[in-house]
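What follows is a short report on a single structure.
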């Protein structure tokens with residue numbers, strides 16, 4: 739006689755870890771930007787994400803770790819565009835514009851602008867949060883762009899003496915001023931706003947294209 743099938747488990751099916759982690763990071767981001775760093779405890783994150791506190795601990799050891807993952811997740815979005823195929827030297831500048839646009843889309847989003855605005859205020863543990871933001875956001879993004887330059891140089895498409903310093907200067911030129919304006923409420927974050935024209939101007943200036951800036955040799959001095 740055939741045995742009867744085992745009873746089906748009751749309740750909702752278990753959520754995949756990737757979904758749980760994404761929910762925890764989304765909850766942490768909301769708490770940071772809407773209630774401040776002090777309110778973004780792991781207990782509060784668990785409550786907002788609709789999960790047990792022990793579940794949050796599976797993904798983050800403490801609040802700083804959770805914030806680090808939020809910011810690191812932003813820079814993770816740069817990887818696909820930096821993995822694009824650059825077929826030759828003629829493709830470098832268009833590819834660079836796409837890389838800068840991808841960075842801007844994340845670094846100048848409403849969440850990222852809100853985080854920057856939060857860091858300009860004075861609050862307990864600001865130094866710890868600033869260190870996390872610097873390491874996982876600014877420094878990592880700069881390192882990723884520098885590595886992309888090095889890859890292009892290794893293929894013979896560009897010459898670059900100081901890839902890390904150059905990457906930092908280019909990101910400062912492209913991102914820093916729009917971020918300041920957005921944090922002050924003088925401009926809209928992306929995608930409501932746009933810095934497409936700024937990116938094209940930065941790429942042209944970076945490439946030494948004369949229509950942006952050029953020193954005229956032999957020009958007379960008045």
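Numbering (this note's numbering), first residue to last: 739 to 960. All residues carry an ideal CB built from backbone N, CA and C; glycine is no exception. As the structure is a prediction and not an experimental result, all values here were calculated from the model.
In this structure residue 887 is buried. Its beta-carbon is surrounded by 16 or more other beta-carbon atoms within 10 angstroms. Residue 778 is a Cβ neighbour of residue 804, given a cutoff of 9 Å. A Cβ-Cβ separation of about 4 Å places residue 809 in contact with residue 874 under the 8 Å criterion. If you draw a straight line from the Cα of residue 762 to the Cα of residue 938, it is about 37 Å long.
Distance from the CA atom of residue 824 to the CA atom of residue 881, rounded to whole angstroms, is 19 Å. Ranked by how close their Cα comes to the Cα of residue 820, the residues 758, 812, 833, 811 have 833 in first place.
A check of alpha carbon separations from residue 871 across 855, 955, 884, 942 identifies 855 as the nearest. Secondary structure note for residue 953: it is in no alpha helix (DSSP H), with a DSSP letter that is neither H nor E. Shown here, residue 928 sits in a strand according to DSSP, grouped into three states.
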